[in-house]
Every structure is written in C-alpha cells, then in structure tokens.
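Residue 43 in our numbering sits at position 5 of the sequence shown; the count goes up by one each step and never skips.
What follows is a set of notes on a single structure, which appears directly below.
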Amino acid sequence: MINYNEVPSIISEKDLDYLSDMFDWNYGALKKINDFRDRASDQEIIDALKEGCRLFDRNLNIIQKTLGGQNE
39 MINYNEVPSI ISEKDLDYLS DMFDWNYGAL KKINDFRDRA SDQEIIDALK EGCRLFDRNL
99 NIIQKTLGGQ NE
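Rendered as structure tokens:
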C-alpha cells in the first residue's frame, strides 16, 4: 500500500463517474426547485425554495472547481 504525504492531484475514472453523478443529481434538483419556485405563491415557500437553489448552486460550483472548471 502506498502512503501519500499529500493527496495526489489525479482523479480516477471511478471518481470522475461519481462526480459526474453528483453534478447530474444537483443540476436536476436545481432545475426542479426553480420550476417549483416559479409556480409557488406562498412567500415562505418561495424563500425556502430560494435557499434550496443556493444550496444546489454551491454544490455545483464545488464540483466544477474540483474538476478544474471555471466558476462564474
């Protein structure tokens, strides 16, 4: 077994598949929440859905950053 003093800067195929799945889950959830938010009329529900949007958006940015992508 190899012991690393630092984590190597590589992503295995399995890691990439998992990150891709995570991105897809978060993106799908973000799209659904945006749709629900657009249909909601209760301000308390709209505010909760906005917080959900921020959560999934942050997750997407973290995944992109992990993959070396540009964040806006």
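The C-beta atom is built at its ideal place from N, Cα and C for all residues, glycine as well.
**Request:** For Asn-64, count neighbouring C-beta atoms within 10 Å of its own C-beta (all shown protein chains included) and say buried if the count is 16 or more, exposed if not.
**Result:** buried
**Request:** Closer than 8 Å by C-beta to Asp-55: which residues in its own chain qualify, once you throw out the five before and the five after it? Chain order, please.
**Result:** none
**Selection from Arg-75, Met-60, Ile-83 that minimises the alpha carbon distance to Arg-96** = Met-60
**Message:** Just to confirm my understanding: we take Ala-86, look at its own chain, exclude 5 residues before and 5 after, and list those with CB closer than 6 Å. What are they?
**Reply:** none
**Message:** Counting C-beta neighbours from all protein chains within 10 Å, is the total for Ile-71 16 or more, i.e. buried, or is it exposed?
**Reply:** By the Cβ neighbour-count rule, Ile-71 is buried, with 16 or more other Cβ atoms within 10 Å of its own.
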